[in-house]
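Participant: In this text, residue positions in the sequence shown follow our numbering: the first is 691, and each later residue adds one. From the three backbone atoms N, C-alpha and C, an ideal C-beta is built for every residue, glycine too. Note that the coordinates shown come from a computational prediction; the quantities given were computed from them, not determined experimentally. Once you've had a glance at the structure underneath, I'll fire off some questions.
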Amino acid sequence: MSRGHKAERRAAMIVIGMLNSKGGVGKTTLTAACAVQAATTNAVCVVDLDSQGSYSDWYARRGSPDNPALLTGEDRASEAVEAVGLTSPYEYVFLDGPPGSLIVTEDAVRSSTLVVIPVRASGLDLMASQDCISLCQEAGTPCLVVINGKTQHDGKLVEQARQVLAAWKVPVAETVIAHRVQYVNAIATGKTGPEKDRKAAEEIEALWREIKAAARKAAKARASA
């Protein structure tokens, strides 16, 4: 394959960073669910940037499938995206980011077409997400916040979170992911919540439609810039 064709293939990939420097917000769980959903119609690869290797463990329990595929062993998202672009013609690449490391997160932000930022509906979580939001704004990378783990008592907190994020001029997904034990139990067996629960499936299908639309819009804007 010529160098030009390789560059075209890399440019055609849409890279979705599932990022938040705060831990415990459900990045890996959402990465797995969205990647499996995307893989029903597209060629997908996931890059595990977390040294804990939670996604890699899940992938092994799933039986190491070809779609979504997995790339490990790269310390930087930029190098990983380059490596993926030189192998197979993946349409979507997910970056499963680590907690805590702003250096890794910043590189992942700059390597992404779109950054998805999972948050819990609490003031502390919103404040903790500001680092990632700021990195996106500084890099000029579009982001989409996803409210994750909503309980039946969180209605007011979700609305307050939407108001705060609107004041920050940060896009928020219409789809809210509920707290469901199926998400946690499924991960332990190499499955995803949607594969175990109909309501979870409806949530992730709706969320993926939003993410895909936002990512395609971002890719189009980048191509015309």
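1) List the residues that DSSP assigns as beta-bridge partners of Val783.
2) Once DSSP output is grouped into helix, strand and coil, what is the label at Asn838?
3) Could you give the residue range of the alpha helix (DSSP H) that holds Ala863?
4) Where do the ends of the beta strand (DSSP E) carrying Leu916 lie?
5) Look at the alpha carbon of Ile837 and the alpha carbon of Tyr749, and state the distance between them as a whole number of angstroms.
6) Rounded to the nearest angstrom, how far is the Cβ of Ala890 from that of Gly883, given a contact under 8 Å?
7) Check the DSSP bridge columns for Cys833 and list the partner residues they point to.
8) If I'm right that Thr865 touches Glu893 with Cβ under 8 Å, what's the distance once you round it to whole angstroms?
9) With a threshold of 8 Å on Cβ separation, who are the neighbours of Arg906 within its own chain once the five nearest residues in sequence on each side are excluded?
10) Give me the Cβ distance between Thr721 and Val736, rounded to the nearest whole Å; I'm assuming they're in contact under 8 Å.
11) I'd like to confirm the pairing. Which residues does DSSP put opposite Leu720 in its beta bridges?
12) According to the Cβ coordinates, are Ala863 and Glu900 closer than 7 Å?
13) Considering just the uninterrupted stretch of the alpha helix (DSSP H) at Ala759, what are its terminal residues?
14) So, Leu834 versus Gly787, is the Cβ gap smaller than 7 Å?
15) Can you tell me the Cα-Cα spacing of Val809 and Pro755, whole angstroms?
16) Could you give the distance in angstroms between the alpha-carbon of Ala868 and the alpha-carbon of Lys902?
17) Answer with buried or exposed for Ser802, where buried requires no fewer than 16 other C-beta atoms within 10 angstroms of its C-beta.
18) Indicate whether the contact test is met: 3 or more Cβ pairs, each with one atom in the segment 777-786 and one in the segment 813-832, closer than 8 Å.
19) May I ask you to report which of helix, strand or coil DSSP gives Ser768?
20) Please state if the CB of Leu785 and the CB of Gly707 are separated by a distance shorter than 7 Å.
21) If we ignore side chains and look at the alpha-carbon of each, how far apart do Gln850 and Ala811 end up?
Facilitator: Looking at the coordinates:
1) Here residue 783 corresponds to residue number 93 of the sequence shown, with the count starting at 1. Answer is Val705, Cys735, bridged to Val783.
2) The count along the sequence shown starts at 1 and reaches residue 838 at position 148. Of the three classes helix, strand and coil, the one that applies to Asn838 here is strand, per DSSP.
3) Along the sequence shown, read from residue 1 onward, the residue named residue 863 stands at position 173. Neither: Ala863 is in no alpha helix (DSSP H) and is coded neither H nor E.
4) The displayed coordinates of the chain run from 691 to 915. Any statement about residue 916 would go beyond what the structure contains.
5) As a working mapping, residue 837 is identified with position 147 in the sequence shown. As a working mapping, residue 749 is identified with position 59 in the sequence shown. Cα to Cα, the separation comes out at about 25 Å.
6) Working through the sequence shown from its first residue, we reach residue 890 at position 200. Working through the sequence shown from its first residue, we reach residue 883 at position 193. With 8 Å as the limit, Ala890 and Gly883 qualify as a contact, their Cβ atoms being about 4 Å apart.
7) Your numbering for residue 833 matches position 143 in the sequence shown. In DSSP, Cys833 forms a bridge with Val805.
8) Position 175 of the sequence shown holds residue 865. Position 203 of the sequence shown holds residue 893. Confirmed, Cβ separation roughly 6 Å.
9) Here residue 906 corresponds to residue number 216 of the sequence shown, with the count starting at 1. In its chain, beyond the 5 residues on either side, Ile704 have a beta carbon closer than 8 Å to the beta carbon of Arg906.
10) Along the sequence shown, read from residue 1 onward, the residue named residue 721 stands at position 31. Along the sequence shown, read from residue 1 onward, the residue named residue 736 stands at position 46. Indeed they touch by this definition, with Cβ atoms about 6 Å apart.
11) As a first step, residue 720 must be located in the sequence shown, where it is residue number 30. According to DSSP, which records beta bridges pairwise, Leu720 is partnered with nothing at all.
12) Taking the first residue of the sequence shown as position 1, residue 863 is located at position 173. Taking the first residue of the sequence shown as position 1, residue 900 is located at position 210. Cβ distance < 7 Å, so Ala863 and Glu900 count as in contact.
13) Along the sequence shown, read from residue 1 onward, the residue named residue 759 stands at position 69. No alpha helix (DSSP H) holds Ala759; the beta strand (DSSP E) holding it covers 759-761.
14) Counted from its first residue, the sequence shown places residue 834 at position 144. Counted from its first residue, the sequence shown places residue 787 at position 97. No, the Cβ-Cβ distance between Leu834 and Gly787 is not below 7 Å.
15) Residue mapping note: residue 809 aligns to position 119 of the sequence shown, counting from 1. Residue mapping note: residue 755 aligns to position 65 of the sequence shown, counting from 1. Between Val809 and Pro755, the C-alpha separation is close to 29 Å.
16) As a working note, residue 868 is residue 178 in the sequence shown. As a working note, residue 902 is residue 212 in the sequence shown. Taking the straight line from one Cα to the other gives about 20 Å.
17) Numbered from its first residue, the sequence shown carries residue 802 at position 112. By the 10 Å Cβ count, Ser802 comes out buried.
18) no
19) The count along the sequence shown starts at 1 and reaches residue 768 at position 78. If DSSP states are grouped into helix, strand and coil, Ser768 belongs with the helices.
20) The residue labelled residue 707 in the question sits at position 17 within the sequence shown. The residue labelled residue 785 in the question sits at position 95 within the sequence shown. Yes, the Cβ-Cβ distance between Gly707 and Leu785 is below 7 Å.
21) Along the sequence shown, read from residue 1 onward, the residue named residue 850 stands at position 160. Along the sequence shown, read from residue 1 onward, the residue named residue 811 stands at position 121. Spanning the two alpha carbons is a distance of roughly 8 Å.
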